[in-house]
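**Student:** Heads up, the sequence shown is in the working numbering, so the first residue is 25 and it goes up one at a time.
All residues carry an ideal CB built from backbone N, CA and C; glycine is no exception.
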Amino acid sequence: MTRRPTHHRVVVVGGGVGGLAAAADLARQGLEVTLLERAATVGGKLRQVTAGGLPIDAGPTVFTMRWVFEGLFGAAGLRLEDELRLEPVGILARHAWGDGGRLDLHADPERSAEAIGAFAGPAEARRYRAFCAQAREVYAALEGPYIRSQRPSLVGMMADLGLRGSVVLAGLGPFSDLWSALAKHFHDPRLQQLFGRYATYCGSSPFAAPSTLMLVAHVETQGVWTVRGGMVEVGRALTRLAERAGARIRTSAHVEAIEMQQGRVCGVRLAGGETLPADSVVFNGESQALARGLLGAGVQAAVDRIEPQQRSLSAMTWCMHARTSGFPLVHHNVFFDDDYRREFSDIFSRGSLPGKATVYLCAQDRHDDDAPIGAGERLLALVNAPAMGDLRDLDPEEIDQCLSNAMNLMRRCGLQVDCEPSHSVLTGPPGFEALFPATGGALYGEACHGWMASFRRPASATRIPGLYLAGGSVHPGPGVPMATLSGRLAAATLMAHLGSTSRSAKVHISGGMSTP
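Quick look at the structure:
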């Protein structure tokens with residue numbers, strides 16, 4: 025590997041997957057890179073907690089868009105399969121409804137169509153095939169000009185889409201929300217509910233999120249994997265990649281301020297007074313931490329401030345070591361209540377925990393095999409919640425009611441969960457705010473509401489020379505693969521600026537194994 029000698033110093037603030045990817049790409053190209061992480065370990069939202077004496081993944085649980093990681097490791101001359109042990113999932117998720125019904129979605133779309141036909145009739149199976157075809161077209165239209173590229177403007181996006189891509193998006197309806205688009209495809213409200221859940225993957229309501237989010241259906245048919253050892257292994261693999269490239273990683277290093285000199289960044293100051301000079305800084309944290317002055321007044325103008333009501337979903341999560349019975353769990357399970365609209369009205373309009381909540385349950389010791397586990401198993405249960413962790417504490421009665429509602433829903437679907445209180449660890453919006461300051465507990469940045477939402481997330485380059493952004497709150501969005509792409513886009517943008525006198529040079533992430 026040829027390294028271009030340079031003395032350009034980069035400090036990456038934050039050791040989530042975006043920061044680790046940026047550090048790896050920049051160090052591989054010969055820059056002097058130091059990554060600083062406030063916590064004792066890197067990984068960001070890829071974290072584990074201990075419940076009942078066992079480590080349980082407490083953050084993202086799904087590995088998709090494998091091509092993103094193949095491209096990142098391939099750029100360093102490595103093979104992803106040598107760095108991570110991935111196992112393909114045959115059953116994407118098992119879905120159940122409190123008023124009856126159970127449906128599996130499969131990695132093979134034709135098996136899903138057959139299951140939908142048995143569940144809701146042959147007409148709905150035909151509609152599902154048409155839905156998958158449209159989702160594939162939407163993904164193919166957006167992958168290059170949006171997902172792989174720096175944040176576009178509306179005019180630039182239309183130019184990059186070309187005639188074919190513009191026709192595909194026009195077919196969705198220019199201002200269509202996801203729920204309305206799904207109603208055109210499916211007549212069974214349970215299927216609308218199931219696929220409407222894709223909006224929550226970016227922390228949003230299906231009744232307000234753009235219809236383009238149907239592309240998630242295509243992403244899932246391209247493969248979903250589990251990671252041997254848990255999702256935290258993704259962060260560990262990226263750490264090894266960055267260090268192998270020459271990046272220096274420091275944990276328990278709390279950055280108090282990004283410092284400025286003559287209108288551009290010049291370094292960072294740590295708690296305790298230590299300063300590190302830098303020619304460029306990549307901030308891999310919640311972009312609102314900049315806007316709210318948590319990194320110093322000098323960089324507040326880097327991004328626009330958003331209001332609490334614009335935040336994405338937070339969550340109530342319970343990591344448990346528990347016994348289960350009565351329902352054949354697989355790795356990913358979703359339990360639906362009977363009033364989906366109320367769930368999001370409670371959260372986004374009333375700012376309260378939902379009275380009728382969907383429950384996601386990750387059974388981390390299971391794969392596609394639903395055989396009973398008698399001695400207890402590791403579970404992550406999640407209920408959507410408002411991002412108000414910096415505005416008020418949750419009342420213990422609210423928490424108890426939320427857990428009771430979740431357990432009752434799963435019980436109506438046939439699942440019994442028996443867990444000792446000492447074997448369960450709760451994290452709610454205030455806890456996520458403490459972990460990720462300036463979020464209020466929001467896990468996905470700004471909510472993706474309205475057809476212009478795709479153009480509101482901050483770009484890789486900021487208004488401040490030398491300051492770049494990565495992470496799930498910036499373009500191209502939340503989720504492990506998208507945050508990883510954000511880090512690569514930040515690195516590519518920085519390198520483009522070093523090689524050009526123009527700060528408007530466009531960048532694009534190539535490579536990987538995408539299948540449009």
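1) Taking just the CA atoms, how far does Arg268 sit from Glu107?
2) When the Cα atoms are used, what is the spatial distance from Asp201 to Asp328?
3) Look up Gly43 in the DSSP assignment and say whether it is helix, strand or coil.
4) Let me check understanding here. Comparing Cα to Cα, which of Leu493, Arg52, Ala409, Asp424 lies closest to Pro454?
5) Compute the beta-carbon to beta-carbon distance between Tyr225 and Val240, rounded to the nearest angstrom, for a pair I have assumed lies under 8 Å.
6) Sort out for me which residues DSSP pairs Gly291 with in a bridge.
7) Kindly list the residues whose CB is nearer than 7 Å to the CB of Arg252, restricted to its own chain and excluding five residues on each side of it in sequence; keep chain order.
8) Where does Phe351 sit, in a helix, a strand or coil, going by DSSP?
9) What's the C-alpha gap between Ala75 and Val113?
10) I think Ala405 touches Thr341, with their Cβ atoms under 8 Å apart; what is that distance to the nearest whole Å?
11) I want to know whether the segment 454-465 touches the segment 477-490 - three or more CB-CB distances under 8 Å.
12) Thinking C-alpha only, which one of Ser276, Arg436, Glu457 is nearest Leu415?
13) Report the CB separation of Gly40 from Gly400 in whole angstroms; it is logged as a contact under 8 Å.
14) Taking all protein chains shown into account, decide if Thr551 is buried (16 or more other Cβ within 10 angstroms of its Cβ) or exposed.
15) Under 7 Å from any heavy atom of the ligand ZN, does the C-beta of Gly76 make it?
16) Using only CA atoms, which one of Ala154, His521, Gly398 lies nearest to Glu134?
17) When you compare each of Val323, Ile171, Gly270 to Cys290 by their alpha carbons, which one comes out closest?
18) Assign Arg103 to one of three DSSP states: helix, strand, or coil.
19) Are the CB atoms of Gly474 and Ala232 nearer to each other than 8 Å?
20) Under a three-way DSSP split, which group does Tyr163 fall into?
21) Return the CA-CA distance between Cys426 and Gly296, expressed in angstroms with no decimal places.
22) For Leu104, which residues in the same chain have their Cβ closer than 6 Å to its Cβ, ignoring the five residues on either side in sequence?
23) Once DSSP output is grouped into helix, strand and coil, what is the label at Glu422?
24) Whole angstroms are fine: how far does the CA of Cys156 sit from the CA of Trp203?
25) Output needed for Glu310: all residues of its chain with C-beta closer than 6 Å, excluding positions within five of it in sequence on either side, in chain order.
26) Given that a residue counts as buried once 16 or more other Cβ atoms are within 10 Å of its Cβ, and exposed if not, what is Thr299?
27) Which residue or residues does DSSP assign as beta-bridge partners of Asp128?
28) If you drop the 5 nearest sequence neighbours on each side, which residues of the same chain put their C-beta closer than 6 Å to that of Gln312?
29) Taking the CB atoms as reference points, tell me whether Gly469 and Ser336 lie closer together than 8 Å.
30) Indicate whether Val36 and Val256 have their beta-carbon atoms separated by less than 8 Å.
31) To which residues does DSSP link Leu450 through a beta bridge?
32) By DSSP, does Asp17 sit in helix, in strand, or in coil?
33) Since Ala262 and Ala45 should fall inside the 8 Å C-beta cutoff, what is the C-beta to C-beta distance between them, to a whole number of angstroms?
34) Cβ of Val66 within 8 Å of Cβ of Thr275?
35) Whose C-beta lies closer than 6 Å to the C-beta of Gly375 among residues of the same chain, with five residues either side of it excluded?
**Tutor:** Put simply:
1) Stepping through the sequence shown from its first residue, residue 107 is reached at position 83. Stepping through the sequence shown from its first residue, residue 268 is reached at position 244. Near 12 Å, if we compare the C-alpha coordinates of Arg268 and Glu107.
2) Taking the first residue of the sequence shown as position 1, residue 201 is located at position 177. Taking the first residue of the sequence shown as position 1, residue 328 is located at position 304. Going from the Cα of Asp201 to the Cα of Asp328 covers about 25 Å.
3) Taking the first residue of the sequence shown as position 1, residue 43 is located at position 19. In the structure shown, Gly43 sits in a helix (DSSP, three-state: H, G or I).
4) On the sequence shown, residue 454 is found 430 positions in, with the first residue counted as 1. Comparing Cα-Cα distances from Pro454 to each of Leu493, Arg52, Ala409, Asp424, the minimum goes to Ala409.
5) On the sequence shown, position 201 is the one that residue 225 refers to. On the sequence shown, position 216 is the one that residue 240 refers to. Correct: roughly 6 Å between the Cβ atoms.
6) Within the sequence shown, numbered from 1, the residue matching residue 291 stands at position 267. Looking at the DSSP assignment, Gly291 forms a beta bridge with Glu283, Pro301.
7) Taking the first residue of the sequence shown as position 1, residue 252 is located at position 228. If we look at Arg252 and ignore the five residues flanking it on each side, its Cβ neighbours are Arg109, Glu111.
8) As a first step, residue 351 is located in the sequence shown; it is residue number 327 there, counting from the start. Three-state DSSP puts Phe351 in coil, outside helix and strand.
9) Your numbering for residue 75 matches position 51 in the sequence shown. Your numbering for residue 113 matches position 89 in the sequence shown. One C-alpha to the other measures close to 25 Å.
10) Looking up residue 405 in the sequence shown gives position 381. Looking up residue 341 in the sequence shown gives position 317. With 8 Å as the limit, Ala405 and Thr341 qualify as a contact, their Cβ atoms being about 7 Å apart.
11) no
12) Your numbering for residue 415 matches position 391 in the sequence shown. It is Glu457 whose Cα lies nearest to the Cα of Leu415.
13) By 1-based counting over the sequence shown, the position of residue 40 is 16. By 1-based counting over the sequence shown, the position of residue 400 is 376. That pair is no contact at about 31 Å.
14) In the structure as shown, the chain starts at 25 and stops at 540, and residue 551 therefore has no counterpart that could be examined.
15) With respect to small molecules bound, the structure shown includes none, and the ligand ZN cannot be examined in it.
16) As a working mapping, residue 134 is identified with position 110 in the sequence shown. The shortest C-alpha separation from Glu134 is found at Ala154.
17) For the purposes of this step, residue 290 is taken as residue 266 along the sequence shown, with counting starting at 1. Nearest of Val323, Ile171, Gly270 to Cys290, Cα basis: Val323.
18) On the sequence shown, residue 103 is found 79 positions in, with the first residue counted as 1. Three-state DSSP puts Arg103 in coil, outside helix and strand.
19) Against the sequence shown, residue 474 aligns to sequence position 450. Against the sequence shown, residue 232 aligns to sequence position 208. A contact, by the Cβ cut-off of 8 Å.
20) To locate residue 163, count along the sequence shown from 1; it is residue 139. If DSSP states are grouped into helix, strand and coil, Tyr163 belongs with the helices.
21) As a first step, residue 426 must be located in the sequence shown, where it is residue number 402. As a first step, residue 296 must be located in the sequence shown, where it is residue number 272. So the two alpha carbons sit approximately 41 Å from each other.
22) By one-based count along the sequence shown, residue 104 stands at place 80. Hits under 6 Å: Phe93, Glu94, Phe97.
23) Residue mapping note: residue 422 aligns to position 398 of the sequence shown, counting from 1. In the three-state DSSP reduction, Glu422 falls in the helix class (H, G or I).
24) On the sequence shown, residue 203 is found 179 positions in, with the first residue counted as 1. On the sequence shown, residue 156 is found 132 positions in, with the first residue counted as 1. Looking at the two C-alpha atoms, the distance is approximately 16 Å.
25) For this step, residue 310 is matched to residue 286 along the sequence shown. Taken in chain order, the residues that qualify are Phe460, Ala462, Thr463, Ser497.
26) Your numbering for residue 299 matches position 275 in the sequence shown. Residue environment: Thr299 is assigned as exposed (fewer than 16 neighbouring CB atoms within 10 Å of its CB, all protein chains considered).
27) Translated into the one-based positions of the sequence shown, residue 128 becomes position 104. DSSP lists Arg118 as partners of Asp128.
28) Numbered from 1 along the sequence shown, position 288 holds the residue referred to as residue 312. Cβ within range, chain order: Ala462.
29) Indexing the sequence shown from 1 puts residue 469 at position 445. Indexing the sequence shown from 1 puts residue 336 at position 312. Closer than 8 Å, so yes.
30) By 1-based counting over the sequence shown, the position of residue 36 is 12. By 1-based counting over the sequence shown, the position of residue 256 is 232. In this structure, Val256 does not lie closer than 8 Å to Val36 by Cβ.
31) Numbered from its first residue, the sequence shown carries residue 450 at position 426. Paired residue(s): Trp342.
32) Nothing about residue 17 can be reported from this structure: the residues present for the chain run from 25 to 540 only.
33) Within the sequence shown, numbered from 1, the residue matching residue 262 stands at position 238. Within the sequence shown, numbered from 1, the residue matching residue 45 stands at position 21. At residue 262 the sequence reads Leu, which differs from the Ala that was named. Right, the Cβ-Cβ distance comes to about 6 Å (below 8 Å), so this counts as a contact.
34) Counted from its first residue, the sequence shown places residue 66 at position 42. Counted from its first residue, the sequence shown places residue 275 at position 251. Going by C-beta atoms, Val66 is nearer than 8 Å to Thr275.
35) One-based indexing of the sequence shown puts residue 375 at position 351. Here the set comprises Pro410, Met412.
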